[in-house]
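Counting in the working numbering, the sequence shown runs from 246 upward without gaps.
First the structure, in the form of structure tokens, and then the observations on it.
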Amino acid sequence: MPRRTLVTNIGELVTNDPAPGREGGPLGIVRDAAVLLDGGLVTWVGPSSSGAAGDAYRDAPPEIVDAGGRAVIPGFVDSHTHLVFGGDRADEFTARMAGQAYEAGGIRSTVAATRAASDDELRDRLAGFVAELHAQGTTTFEVKSGYGLSVADEQRLVRLAREVTDEVTFLGAHVVPFEFREDPAFGEPGSPEASARAADAYVDLVVGDMLDACAPHARWVDAFCERGAFTPEQSRRVLEAGAAAGLGIRVHGNQLGPGGGVRLAVELGAASVDHCTHLDDADVAALAASGTVATLLPGVEFSTRQPYPDARRLIDAGVTVALASDCNPGSSFTSSLPFCIAVAVRDMGMTPAEALWASTAGGAVALRRADVGAIRPGARADLVELDAPSHVHLAYRPGVPLVRRVWAAGELVAG
Numbered sequence: 246m247p248r249r250t251l252v253t254n255i256g257e258l259v260t261n262d263p264a265p266g267r268e269g270g271p272l273g274i275v276r277d278a279a280v281l282l283d284g285g286l287v288t289w290v291g292p293s294s295s296g297a298a299g300d301a302y303r304d305a306p307p308e309i310v311d312a313g314g315r316a317v318i319p320g321f322v323d324s325h326t327h328l329v330f331g332g333d334r335a336d337e338f339t340a341r342m343a344g345q346a347y348e349a350g351g352i353r354s355t356v357a358a359t360r361a362a363s364d365d366e367l368r369d370r371l372a373g374f375v376a377e378l379h380a381q382g383t384t385t386f387e388v389k390s391g392y393g394l395s396v397a398d399e400q401r402l403v404r405l406a407r408e409v410t411d412e413v414t415f416l417g418a419h420v421v422p423f424e425f426r427e428d429p430a431f432g433e434p435g436s437p438e439a440s441a442r443a444a445d446a447y448v449d450l451v452v453g454d455m456l457d458a459c460a461p462h463a464r465w466v467d468a469f470c471e472r473g474a475f476t477p478e479q480s481r482r483v484l485e486a487g488a489a490a491g492l493g494i495r496v497h498g499n500q501l502g503p504g505g506g507v508r509l510a511v512e513l514g515a516a517s518v519d520h521c522t523h524l525d526d527a528d529v530a531a532l533a534a535s536g537t538v539a540t541l542l543p544g545v546e547f548s549t550r551q552p553y554p555d556a557r558r559l560i561d562a563g564v565t566v567a568l569a570s571d572c573n574p575g576s577s578f579t580s581s582l583p584f585c586i587a588v589a590v591r592d593m594g595m596t597p598a599e600a601l602w603a604s605t606a607g608g609a610v611a612l613r614r615a616d617v618g619a620i621r622p623g624a625r626a627d628l629v630e631l632d633a634p635s636h637v638h639l640a641y642r643p644g645v646p647l648v649r650r651v652w653a654a655g656e657l658v659a660g
């Protein structure tokens with residue numbers, strides 16, 4: 246049972262719940278604040294000097310935690326990760342740093358390592374990543390499949406992911422697996438005609454037996470709508486089939502160049518389209534007029550040396566923006582949202598306040614969650630105490646481990 250806890254003497258409390266008298270616009274900052282956690286929920290927010298929280302539990306006082314004037318923020322909401330996999334791709338990273346271009350096809354080496362790993366090996370590694378997320382302040386996270394690419398392997402990846410989060414995404418349409426691409430039944434392997442036929446045949450599997458096996462364990466369906474992966478038409482088949490099976494829609498789009506991913510996501514009412522590195526004016530306008538979140542993944546551009554997405558352009562156009570880690574072994578092997586915040590502020594035109602909102606409340610919108618990403622009565626009790634006086638230090642002190650204590654659903658999970 247989550248404890249009853251009063252976190253008090255908070256110098257700066259970021260609530261993401263703006264109200265009269267609070268600072269910071271959307272951040273809803275309260276100074277000299279206290280927060281009461283009870284039954285896994287936030288039940289009261291107010292000034293430390295108020296006796297209201299203590300009065301409510303005079304007969305059963307809460308545990309008192311003194312924040313010592315430090316800042317407290319909502320738990321980070323990481324709405325895009327790939328945490329169930331085997332092996333790593335450090336050699337690929339080294340090659341990129343020496344000038345080799347990033348390509349989507351590198352995923353296939355992770356597929357081979359993942360297929361060779363046992364359930365227990367994958368489960369143990371996943372547990373390590375969850376602990377890593379908690380230690381860096383992430384309390385809600387999404388996990389995608391996509392490194393199995395067979396019915397049995399994709400099913401076990403979503404099943405294992407469901408053991409640690411409700412936010413599970415079926416990403417069978419990540420890339421076309423080797424056994425399809427090299428099958429001579431589709432023509433000369435590597436030729437454009439054979440590649441197209443192989444991709445279509447693999448999509449048949451994804452929308453049929455694979456979806457049937459994975460949908461019971463997933464909340465979302467996703468497709469990598471990108472050159473080297475799947476065309477907009479193939480992606481549409483996957484996403485519409487997933488929606489018909491009761492799954493919400495997410496899309497990988499416009500990462501490696503201009504394409505149809507963003508507009509496909511908007512047309513289908515996707516909760517989020519992720520990457521958004523290469524956008525034209527029509528893409529930005531479509532996002533601004535929609536309820537689809539643009540989820541930006543600065544760890545990818547850092548690790549692949551691609552141009553960063555223009556967050557300033559999106560925010561100024563009225564697009565809802567989220568930040569996520571895209572933690573994966575190929576293009577962004579970081580689980581640190583504080584790192585992503587620092588990069589977004591330094592290289593993507595975001596203010597510290599915008600980057601913090603995007604990695605908390607923005608991630609919650611991307612997951613269509615109203616219970617996380619904010620500190621307000623009725624929200625899940627997810628809090629992060631920083632060893633700093635202000636949220637600005639997340640960008641101001643990059644690389645410094647500022648997360649001091651973390652509560653998830655009222656339980657202390659780090660610190």
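Beta carbons: idealized from backbone N, C-alpha and C, even for Gly.
Computed from a prediction, not measured in an experiment: that's the story for all the values here.
Please state if the CB of R558 and the CB of V529 are separated by a distance shorter than 8 Å. yes
Item to complete: Would you mind reading off the limits of the alpha helix (DSSP H) that contains S576?
Response: Where S576 is concerned, there is no enclosing alpha helix (DSSP H), given that its DSSP letter is neither H nor E.
**Prompt:** Would L209 pass as a contact of S604 if the rule is Cβ separation under 8 Å?
**Reply:** Since the displayed the chain opens at 246 and closes at 660, residue 209 lies outside it and no answer follows.
Under the DSSP definition of a beta bridge, which residues are partnered with V738?
-> The structure shown does not extend to residue 738, since the chain is modelled only from 246 through 660, so no value can be given for it.
Point to revise | Sequence-distant residues of its chain with Cβ nearer than 6 Å to A358 (five each side left out) | key: G331 and G332
Length of the line joining the Cα atoms of L403 and F415: For the sequence presented, residue 403 should be read as Val rather than Leu. C-alpha separation (whole angstroms): 7 Å.
task = Please work out which residues of its chain come closer than 6 Å, Cβ to Cβ, to E399, disregarding the five sequence neighbours upstream and downstream, and give them in chain order.
result = S390, G393, G417, M455 and C459
### Query
Going along the chain, which unbroken runs of the alpha helix (DSSP H) with 4 or more residues stay wholly within the stretch 331-372?
If we require 4 residues or more, the alpha helix (DSSP H) runs fully inside the stretch 331-372 come out as 335-342 and 352-361.
Would you kindly report the start and end of the unbroken beta strand (DSSP E) that includes L282?
Where L282 is concerned, the enclosing beta strand (DSSP E) stretches over I274 to D283.
### Task
Please name the residue, chosen from V290, Y641, A446 and P271, that lies closest to S395 on a Cα-to-Cα basis.
Measuring from the Cα of S395, the nearest candidate turns out to be A446.
*Quick one: residues in its chain with C-beta nearer than 7 Å to the C-beta of V375, no 5 flanking neighbours on either side, listed in chain order?*
V409
What number of angstroms, rounded off, separates the C-alpha of A600 from the C-alpha of T288?
-> 26 Å
Exercise. Quick one: is Q345 buried, meaning 16 or more other Cβ sit within 10 Å of its Cβ, or exposed?
Worked result: exposed
- Just how far apart, CA to CA, sit E512 and P503? 17 Å
### Task
State buried or exposed for P307, treating a residue as buried only when at least 16 other CB atoms are found within 10 Å of its CB.
buried
Practice item. Please report the residue range of the alpha helix (DSSP H) in which D561 lies. Key: A556 to D561
Exposure of I255, with buried meaning 16 or more beta-carbon neighbours within 10 Å: buried
Please look up how many angstroms separate the CB atoms of A278 and G291, rounded, as I've assumed it's under 8 Å.
-> 7 Å
Quiz prompt | Same chain, Cβ closer than 7 Å to V637, five either side skipped, listed in chain order | solution = P597
Would you say the stretch 425-444 touches the stretch 380-388, given that touching needs at least three Cβ pairs under 8 Å? no
Taking the straight line between their C-alpha atoms, what separation do you get for V564 and A430?
45 Å
In this structure, does DSSP put T565 in helix, strand or coil? coil
**Message:** Taking the alpha-carbon of L450 as reference, which of I620, V420 and M342 has the nearest alpha-carbon?
**Reply:** V420
Please state the DSSP three-state secondary structure of R625.
Strand, per DSSP.
* With respect to the beta strand (DSSP E) encompassing H638, which residues constitute its N-terminal and C-terminal limits? -> Looking at the DSSP string, H638 is not in any beta strand (DSSP E); the run it does join, the alpha helix (DSSP H), is H638 to Y641.
Exposure label - E412; buried when at least 16 CB within 10 Å = Label assigned to E412: buried.
Spatial distance of L492 from G314 (CA atoms): 43 Å
task = Return the Cβ separation of V388 and L328 in integer angstroms, given the expectation that the two are a contact with Cβ distance under 8 Å.
result = 5 Å
Whole angstroms are fine: how far does the CA of F584 sit from the CA of C572? Rounded to the nearest whole angstrom, the CA to CA distance from C572 to F584 is 12 Å.
On a CA-only basis, which of G607, V356 and G575 is nearest A335? Give me that one, please. G575
Review point. Taking buried to mean at least 16 other C-beta atoms within 10 Å of its own C-beta, is R650 buried or exposed?
Key: It counts as buried.
*Taking C-beta to C-beta, are D323 and A589 nearer than 8 Å?*
no
Query raised in the report: Taking the DSSP output, what are the residues bridged to S517?
Result: Bridge partners of S517: R495 and V538.
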